[in-house]
Amino acid sequence: MSGEDQPVFTNSQLLGQSVNILPSLGNGPFDVGSLLSDTTRVISISKSTKIVQANNDKKITIPNDVNCTVLNNSSSSVLVVDSGHTISNSWSVNASASGSYSGVSLDASASYSFGTSLSQSNYYGFFGFEYSSFTLTLQKATIRNKSNVDPQLLADAATLPEWKAWNDGTYRPDKDTYDKYMEFFDSWGTHLITHCHFGARFSAKVEIGKEKCESKESFETNLKAEFSGVASIEAGAKKNKEYESYRNSRKVDAYVKGGDQGLAAVSERRPQDSDDYNAWAKSITNETTLAPVRLALTNMAEMLRKVAKTDEERKAAKNLSNAFAWLAKFQRIDGTVFFGALPRDTQKYEMYITAPPGILCEIREAKQQ
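In terms of the UniProt record's numbering, the sequence shown opens at residue 1 and continues consecutively.
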């Protein structure tokens with residue numbers, strides 16, 4: 001069936017575009033809306049179209065090389081509370097878990113560590129609700145066809161300098177090499193959108209410094225008290241004596257899409273309010289579940305590896321793969337560093353941030369006073 005008589009579903013055009021999920025350059029993986037506000041077309045998709053059933057009431061027109069799967073189901077992401085280190089390790093090996101909580105799932109070849117976005121010095125709480133209406137998937141044949149890849153991307157990748165393998169962890173790119181790869185990622189993104197889920201979604205991320213609460217358990221107790229009755233949080237949770245301190249120290253990020261747009265905006269501003277949340281949830285219908293709420297991504301190195309035909313292209317894919325592996329080794333740590341010498345210390349200490357990113361401490365001999 002031809003889809004020429006009705007316009008193409010706009011959000012089907014997200015497939016084949018790239019996003020940047022490096023925290024230093026992009027938005028990280030926790031706000032799908034922000035990620036999708038800055039995309040780059042990497043792979044061209046078919047101009048021929050077809051009409052498909054998206055949910056019980058809605059038919060949409062999509063490119064011929066895009067598949068549509070009707071879902072019409074809802075699920076809650078039950079509360080998970082743990083350290084940034086534990087959660088990032090868990091999500092790095094469980095793509096479905098990262099997708100449920102963060103809105104972004106990455107395949108095993110994605111070479112991405114959530115440790116670059118989740119601080120090792122914080123506790124986190126994630127929870128939410130999602131109604132999945134349908135999913136759109138870009139066909140593998142399109143992704144693997146070199147003629148569909150923007151030729152300028154291939155040319156830019158070929159000019160990148162060598163990035164050596166991580167191996168024993170001793171390799172450190174020089175500043176010029178590092179800067180050129182960051183410029184490439186800034187222009188072309190880091191990861192390709194291969195799947196997009198549509199529906200309605202409420203998700204919340206709550207974080208607090210470990211030094212601001214007595215324990216992980218006390219953080220969880222206070223979080224449940226604040227968000228009682230919202231999404232998967234049990235109603236009736238009680239506040240404890242640390243509650244006010246918790247409220248003054250924690251940071252909340254909420255993402256609400258689908259359903260009535262006005263109610264979604266209110267719930268996103270006041271994610272603790274169970275009445276706002278319930279009003280939004282009741283507004284979810286087949287007509288209001290066309291928003292992109294979850295993405296599946298693969299990294300640019302893997303995409304280039306699959307289309308490479310020449311030694312130069314295979315080398316470019318390898319260099320990018322090495323760069324992703326190196327960048328995934330970084331860990332985020334929040335805190336305050338105090339650095340000084342004892343009164344009778346005769347050594348000189350210097351501490352400064354280096355480029356490529358990192359902190360370097362040096363101890364230098366000083367003359368006796």
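Using N, Cα and C, we set each Cβ at its ideal position, and we do this for glycine too.
Enclosing beta strand (DSSP E) for residue i [first to last residue]
{"i": "SER119", "result": "Segment: none, SER119 is in no beta strand (DSSP E) and carries neither H nor E."}
{"i": "VAL104", "result": "104-106"}
{"i": "PRO7", "result": "No beta strand (DSSP E) contains PRO7, which DSSP labels as neither H nor E."}
{"i": "PRO151", "result": "It is not in any beta strand (DSSP E) - PRO151 instead sits in the alpha helix (DSSP H) that spans 151-158."}
{"i": "SER18", "result": "17-19"}
{"i": "ILE51", "result": "49-53"}
Cutoff 6 Å; reference residue i; Cβ partners in own chain excluding five residues on either side
{"i": "LYS329", "result": "none"}
{"i": "VAL266", "result": "ASP276"}
{"i": "THR194", "result": "LEU138, ALA296 and THR298"}
{"i": "TYR101", "result": "SER77 and PHE126"}
CA-to-CA distance, residue j to residue i, given in whole angstroms
{"i": "GLN120", "j": "SER215", "result": "15 Å"}
{"i": "GLU268", "j": "VAL8", "result": "29 Å"}
{"i": "THR288", "j": "MET182", "result": "38 Å"}
{"i": "ASN286", "j": "ILE60", "result": "13 Å"}
{"i": "LEU295", "j": "ALA54", "result": "17 Å"}
{"i": "THR10", "j": "LEU106", "result": "24 Å"}
{"i": "residue 388", "j": "CYS213", "result": "In the structure displayed, the chain extends from 1 to 369; residue 388 sits before or after that span and is not available."}
{"i": "SER74", "j": "LYS205", "result": "20 Å"}
{"i": "SER77", "j": "LEU36", "result": "22 Å"}
{"i": "GLN13", "j": "ASP174", "result": "37 Å"}
{"i": "LEU25", "j": "MET300", "result": "In this prediction, LEU25 scores a pLDDT of 45, lower than 50, which makes its location untrustworthy; no coordinate-derived value is stated."}
{"i": "THR69", "j": "SER132", "result": "10 Å"}
{"i": "SER203", "j": "VAL32", "result": "11 Å"}
{"i": "GLU180", "j": "ALA141", "result": "As written in the sequence, residue 180 is Lys, which differs from the Glu given in the question. Taking the straight line from one Cα to the other gives about 31 Å."}
{"i": "LYS146", "j": "LEU304", "result": "9 Å"}
{"i": "TRP91", "j": "SER98", "result": "5 Å"}
Chain-order list of residues whose beta-carbon lies under 8 Å from that of residue i (same chain, five-residue window excluded)
{"i": "GLN272", "result": "GLU226, PHE227, VAL230 and VAL252"}
{"i": "SER83", "result": "GLN120, ASN122, TYR123, TYR124, LYS210 and LYS216"}
{"i": "LEU79", "result": "GLY125, PHE126, PHE127, GLU220, LEU223, LYS224, SER232 and ILE233"}
{"i": "LYS47", "result": "PRO63"}
Residue range of the alpha helix (DSSP H) that includes residue i
{"i": "PRO292", "result": "Segment 291-299 is the beta strand (DSSP E) holding PRO292; no alpha helix (DSSP H) there."}
{"i": "SER88", "result": "84-92"}
{"i": "THR177", "result": "175-188"}
{"i": "ILE143", "result": "140-143"}
Selected residue, minimal CA-CA separation from residue i, among the options
{"i": "ILE143", "options": "PHE202, ALA308, LYS318 and GLY103", "result": "ALA308"}
{"i": "LYS306", "options": "THR39, GLY33, GLY199 and ILE43", "result": "ILE43"}
{"i": "LYS58", "options": "SER34, ASN319, ASP186 and LEU71", "result": "LEU71"}
Close Cβ partners of residue i (< 7 Å) along its chain, the five nearest in sequence each way excluded
{"i": "ALA279", "result": "LEU263"}
**Request:** At 4 residues or longer, and completely inside the region 202-281: list those alpha helix (DSSP H) runs for me, N to C.
**Result:** 216-226, 243-249 and 261-269
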